[in-house]
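Engineer:
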Amino acid sequence: MGSKQTGTAGGPVVPAPADPAQIRNVVLVGPSAAGKTTLVEAMLTASSTIPRPGAVTEGSTVCDHEPASIEQQRSISVSIAPLQHDECKINLIDTPGYADFVGELRAGLRAADAALFVVAATEGVDAATRAIWHECAEVGMPRAVVISRLDQPRADFDTALLNCQDAFGSGVLPLYLPTMDGGELTGLLGCLTESHYTADGVRPADARLREVLEQPRGELIEAIIAESENEALMERYLDGEQVDEDALIADLEKAVAGGGLHPVLPASALSGVGVPQILDGIRRGFPSPLEHLLPEFTDPQGAHPRVLTPDPSGPLAAEVVHTSVDSYVGRVSLARVFSGTMLPERPVHVSGHGMAERGHPDHDEDERVAHLYSPLGSNLREVPRCVAGDLCALTKLGSAETGDTLSDPADPLLLTPWPMPEPQLPMAVVAHNRSDEDALARNLNRLIAADPSLRLERDTETHQLVLWCTGEAHAEVVLQRLREGGAEVDTEPVRVPLRQTFAQAAKGHGRHIKQSGGHGQYAVCDIEVEPLPRGSGVEFVEKVVGGAVPRQFIPSVEKGARAQLTKGITEGCPVVDVRITLVDGKAHSVDSSDQAFQAAGALAVKAAAEQAGMRTLEPVDEVAVHIPEEHLGAILGDLSSRRGKVVGTEPENGGWTVVRAHVPASELTHYTVNVRSLTSGSATFTRHFETYEPMPENLVPK
1 MGSKQTGTAG GPVVPAPADP AQIRNVVLVG PSAAGKTTLV EAMLTASSTI PRPGAVTEGS
61 TVCDHEPASI EQQRSISVSI APLQHDECKI NLIDTPGYAD FVGELRAGLR AADAALFVVA
121 ATEGVDAATR AIWHECAEVG MPRAVVISRL DQPRADFDTA LLNCQDAFGS GVLPLYLPTM
181 DGGELTGLLG CLTESHYTAD GVRPADARLR EVLEQPRGEL IEAIIAESEN EALMERYLDG
241 EQVDEDALIA DLEKAVAGGG LHPVLPASAL SGVGVPQILD GIRRGFPSPL EHLLPEFTDP
301 QGAHPRVLTP DPSGPLAAEV VHTSVDSYVG RVSLARVFSG TMLPERPVHV SGHGMAERGH
361 PDHDEDERVA HLYSPLGSNL REVPRCVAGD LCALTKLGSA ETGDTLSDPA DPLLLTPWPM
421 PEPQLPMAVV AHNRSDEDAL ARNLNRLIAA DPSLRLERDT ETHQLVLWCT GEAHAEVVLQ
481 RLREGGAEVD TEPVRVPLRQ TFAQAAKGHG RHIKQSGGHG QYAVCDIEVE PLPRGSGVEF
541 VEKVVGGAVP RQFIPSVEKG ARAQLTKGIT EGCPVVDVRI TLVDGKAHSV DSSDQAFQAA
601 GALAVKAAAE QAGMRTLEPV DEVAVHIPEE HLGAILGDLS SRRGKVVGTE PENGGWTVVR
661 AHVPASELTH YTVNVRSLTS GSATFTRHFE TYEPMPENLV PK
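According to the UniProt record's numbering, numbering within the sequence shown proceeds without interruption in unit steps and concludes at 702.
1. Reducing DSSP to helix, strand and coil, say where residue 263 ends up.
2. Take every Cβ of the stretch 508-518, pair it with every Cβ of the stretch 477-492, and state whether three or more of those distances are shorter than 8 Å.
3. Within this structure, are the beta carbons of residue 132 and residue 27 separated by less than 8 Å?
4. List, from N- to C-terminal side, the beta strand (DSSP E) runs of 3 residues or more that fit wholly inside the stretch 362-389.
5. Tell me the rounded alpha-carbon separation between residue 478 and residue 658.
6. In angstroms, rounded to a whole number, what distance separates the CA positions of residue 299 and residue 364?
7. Tell me which same chain residues have a C-beta within less than 6 Å of the C-beta of residue 372, skipping the five on either side of it?
8. Contact defined as beta carbons within less than 8 Å: I believe residue 494 pairs with residue 428. What is the distance between those atoms, to the nearest angstrom?
9. Taking DSSP as the reference, what is the three-state secondary structure of residue 352?
10. Looking at the structure shown, is residue 299 part of a helix, part of a strand, or coil, going by DSSP?
11. Kindly provide the ranges of any beta strand (DSSP E) runs that are 3 or more residues long and lie completely inside the stretch 616-662, ordered along the chain.
12. Could you check whether residue 302 and residue 317 sit closer than 8 Å to each other, using their CB atoms as the reference points?
13. If you run the structure through DSSP and keep just helix, strand and coil, what is residue 13?
14. Where does residue 468 fall in DSSP's three states?
15. Could you spell out where the beta strand (DSSP E) holding residue 93 opens and where it closes?
16. Just the C-alpha distance for residue 204 and residue 124, rounded to the nearest angstrom, thanks.
17. Could you check which residue in 432, 454, 411 has the C-alpha nearest to that of residue 401?
18. Using only alpha-carbon positions, find the residue among 321, 624, 571, 397 that is nearest to residue 111.
19. For residue 72, which three-state DSSP category applies?
20. Starting from residue 83 and walking both ways along the beta strand (DSSP E), at which residues does that stretch end?
21. Quick one: using the 10 Å Cβ neighbour count with 16 as the cut-off for buried, is residue 319 buried or exposed?
22. Considering only the alpha carbon of each residue, which of 633, 613, 500 lies closest to residue 571?
23. Tell me whether residue 67 sits in a helix, a strand or coil according to DSSP, three-state version.
24. Which of helix, strand or coil does DSSP assign to residue 669?
25. Would residue 290 and residue 120 be called neighbours here (beta carbons separated by less than 8 Å)?
26. How would you write the range of the beta strand (DSSP E) that residue 173 sits in, first residue to last?
27. Just confirm the distance between the C-beta atoms of residue 193 and residue 241, as a whole number of angstroms; I'd bet it's less than 8 Å.
28. Out of 100, 17, 46, point me to the one whose CA is closest to residue 684's CA.
29. Closer than 8 Å is the cut-off here; do at least three beta carbon pairs connect the stretch 622-635 with the stretch 684-700?
30. Suppose the cutoff is 6 Å on Cβ atoms and the five residues either side in sequence are ignored; what does the same chain contact list for residue 702 look like?
31. Out of 40, 666, 141, which one is the CA nearest neighbour of residue 95?
32. With which residues is residue 585 paired in a DSSP beta bridge?
33. For residue 108, collect the residues of the same chain with a Cβ closer than 7 Å to its Cβ; drop the 5 residues on either side in sequence, then sort them by chain order.
34. Starting from residue 492, trace the beta strand (DSSP E) in both directions and tell me its first and last residue.
35. In this structure, how does DSSP classify residue 52 when only helix, strand and coil are distinguished?
36. Straight-line CA distance for residue 720 to residue 655?
Here you go:
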C-alpha cells in the first residue's frame with residue numbers, strides 16, 4: 001500500500017453517514033469459484049465508486065492490505081468495499097471462499113447485518129456453503145442469494161435455483177427471473193414489479209412474460225404476506241384483490257429480516273446485468289444496523305453485563321474484525337462500531353480478547369486514535385467520524401489485535417470474541433540460519449496479532465516451534481508472509497512426544513561406590529518395578545527392613561529414580577505408569593550421601609529396565625468429527641485406516657452426525673486435509689488428549 005490518499009482515481013469518496021439508518025453492512029459468502037470479488041467490483045463500478053472493474057487493485061482482491069503476490073493466488077482475508085447507492089452507504093464485506101480461512105469469514109459475519117450468498121449458476125451448492133448458511137441461521141442473520149455467472153456457457157438458472165432451495169430451504173424464492181436470448185443473459189423480470197429490465201431501459205412485462213411470472217410471483221407474494229404484520233393484506237390477497245406493490249416492498253424487508261424469506265437475485269458481474277437490482281435489493285430489502293441485535297458487553301473483567309443499542313450518542317463500543325500490516329503505514333485495524341461514535345484525535349481503551357492459549361495475551365491499554373479512514377483497495381480515505389453501525393480503518397494502534405474491543409477509557413468495555421476455528425494442522429518451522437532467528441521472532445509476533453486462527457506453540461519436549469494452522473492453504477500463506485517479512489524459514493516433520501513403560505515386573509540393583517581419596521561415595525539399593533494401568537503416573541513405595549537404607553537417604557533414592565524415569569531409558573522418552581518399591585540396600589557411615597543414593601536409584605532403574613524390556617507408548621487423542629450423514633461411511637473407513645477406534649456416533653438435527661473415536665496423535669498430523677477431501681469441505685473436527693497407549697512394535701523404529 002502506498003502513501004495515504006484522499007480518494008480513488010475515477011471515483012468519489014463515500015460520505016461518512018451520521019444516521020445508522022442510512023447504512024447497510026452486507027457480507028458476501030460463497031465458495032472461491034462463485035465470483036464474489038468480481039461481483040463486488042461490478043457493484044463498485046455500477047455505483048461509480050471506481051471507473052471500471054479491477055481499477056482498485058489490478059490483479060488482486062479489493063480492499064485488502066496484504067501483499068499482492070498472496071492475493072493473486074487466492075482471496076484469503078476480509079476486505080471492505082464501501083459505496084454510495086441512493087443516499088445509502090453500503091459496506092460490502094468480501095470474505096474468503098477457502099475453508100482454511102473460516103476465521104476470516106466469521107469476522108465478516110460479525111461485522112455484517114446481513115449475508116449475501118453467491119452461488120455460481122454453473123455449479124451446485126457445496127457442503128461448506130450449506131454449513132455456513134446453517135451457521136447464519138443459528139444467529140438469526142438475514143440472508144439472500146445471488147445466482148452468479150449466468151454469462152457462462154453451462155449456466156442454468158432453474159437448476160441452480162432448485163439446488164439452492166434444496167440446500168437452503170423453501171424460503172429461497174426468486175425476486176427476479178433472468179431473460180435469455182440464444183443462451184445470453186439479456187435482462188431481468190421483476191417478480192413484484194412485473195417489469196422487464198434490459199440494457200435499453202425498463203418497460204412493463206408483456207403478456208408472455210407475465211405468464212412466466214405468474215407462479216413465482218404468487219409464491220413470493222404469499223411468502224411476504226405470511227411474514228407481514230398487516231393481516232388485511234392476506235385477506236385482500238386471498239379474496240383475489242390486487243395487492244399494492246409499495247406495501248409488498250415495504251413488507252419485503254420485514255420478511256427478510258425475520259428469516260422467513262431469502263430472495264434470489266440472478267446476475268452477471270461481467271455484463272453488469274442484475275447488478276443494479278442487487279444494489280437496490282440491498283438498500284430496500286436488507287436491515288440497517290438499527291435492527292441488529294447487539295452482542296452483550298461487559299467490563300474488562302467480564303462482569304456487569306451491558307445491553308447496548310446502535311445509538312451514535314451512546315457509549316463507544318467497537319470491535320477490531322481484521323488486522324493487517326502494511327509496509328508503509330504499519331498496522332491497519334478494521335473496526336465495526338456497534339455503539340457511539342468514533343472520532344479522530346481521541347483516546348480509546350483496548351481490551352484483550354481471552355485467547356492467551358493461542359499466543360494472544362489479554363491486555364487492557366489506552367491508546368490514541370489519530371485518524372479515521374474508509375478503506376478501498378490500496379487507498380485509505382480519511383473520514384471525519386464513524387457512527388454506530390459503520391465500519392472504518394484505524395492505523396498504528398500498537399496493542400490492538402483482531403477480536404479486541406475499543407471503547408471509551410472512561411467507560412471501558414469488553415465484547416466476547418466470535419468463535420474461532422480450532423487450528424488442527426501442525427507445521428514445525430525453524431530459521432534457515434542464525435541470522436534469520438530475529439526476523440522469525442519479529443514476524444511471528446506480527447502474524448499472531450493479525451491472525452487469531454493461528455496458534456503458536458513451543459513444544460518443551462520436542463523443542464520444536466510449531467505453528468498450528470487451519471489447513472494447507474493457511475500454512476502456505478503463513479510461510480509466505482514469514483518469508484516476505486525477511487525471515488527465511490524451513491519446515492521439518494512434526495515430532496510426536498512418546499512415552500515408555502515397563503513391559504513386565506523386574507528387579508533392579510543399583511551400586512554406586514567410588515573411592516578416590518578423601519570422602520568416597522557409597523550407596524547400594526535394590527528395587528522392584530512393576531507396570532501400572534495407563535494414566536497412573538509414577539508411584540514410589542519403600543519396604544526397607546532393619547534400616548538397610550538409612551531413613552534420611554530414602555528420599556534420595558526416590559529422587560534419583562524419578563529423575564531417571566523423567567529422562568527416560570531411551571533419551572528424551574520419559575517412563576510413566578510404574579510403581580517403584582525400595583526393598584533393600586546398604587550404606588556406609590562415612591561415605592554415604594544424598595548424591596550417592598540418587599545415583600544408585602538411577603542405576604537401579606536402568607538395571608530393572610534392561611531386565612524387563614520397555615514398551616513404547618504413543619499419545620492417543622479423542623476425536624469428534626462433525627459431518628453430514630452421507631459421508632459417514634467414508635469417515636468411518638478413514639478412521640479405521642488410521643488405527644482409530646470408534647467409540648460412538650451421535651445423530652444431530654439437519655442430517656448431521658458426530659463420530660467420536662480414539663486415534664493415535666501421529667495419525668492426525670494431516671487429518672484436517674483428508675477429512676475435508678472426504679467430505680467436500682463440510683466436516684469439522686475437534687481433538688483433545690485422551691491417554692497413552694502401546695504403539696505397535698512394527699511402528700516403533702519409525
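For every residue, glycine included, the Cβ atom is placed at its ideal position computed from N, Cα and C.
Structural biologist: On the basis of the data shown:
1. Three-state result, residue 263: strand.
2. no
3. The Cβ atoms of residue 132 and residue 27 lie no closer than 8 Å to each other.
4. Positions of the beta strand (DSSP E) runs, each at least 3 residues long and wholly inside the stretch 362-389, are given as 364-369, 372-376, 379-383 in order along the chain.
5. If you draw a straight line from the Cα of residue 478 to the Cα of residue 658, it is about 30 Å long.
6. Going from the Cα of residue 299 to the Cα of residue 364 covers about 11 Å.
7. 344, 383, 386, 392
8. 5 Å
9. coil
10. coil
11. 645-652
12. No, they are not a contact pair.
13. Secondary structure at residue 13: coil, using DSSP grouped into helix, strand and coil.
14. DSSP, read as helix, strand or coil, puts residue 468 in strand.
15. 88-94
16. In a straight line, the C-alpha of residue 204 is about 33 Å away from that of residue 124.
17. 454
18. 321
19. Below a pLDDT of 50, predicted positions are generally treated as unreliable, and residue 72, at 37, falls in that range; the measurement from the model is reported next regardless. Coil.
20. 79-85
21. buried
22. 500
23. No answer about residue 67 holds up, because its pLDDT of 37 lies below 50 and its placement is not dependable.
24. coil
25. Remark: C-beta atoms of residue 290 and residue 120 do not approach each other more closely than 8 Å.
26. Here the beta strand (DSSP E) through residue 173 covers 172-174.
27. About 18 Å separates the two Cβ atoms, so there is no contact after all.
28. 100
29. yes
30. none
31. 40
32. Looking at the DSSP assignment, residue 585 forms a beta bridge with 525.
33. 27, 78, 93, 95
34. 489-492
35. coil
36. Residue 720 falls outside the range modelled here, since the chain spans only 1 to 702, and no answer is possible.
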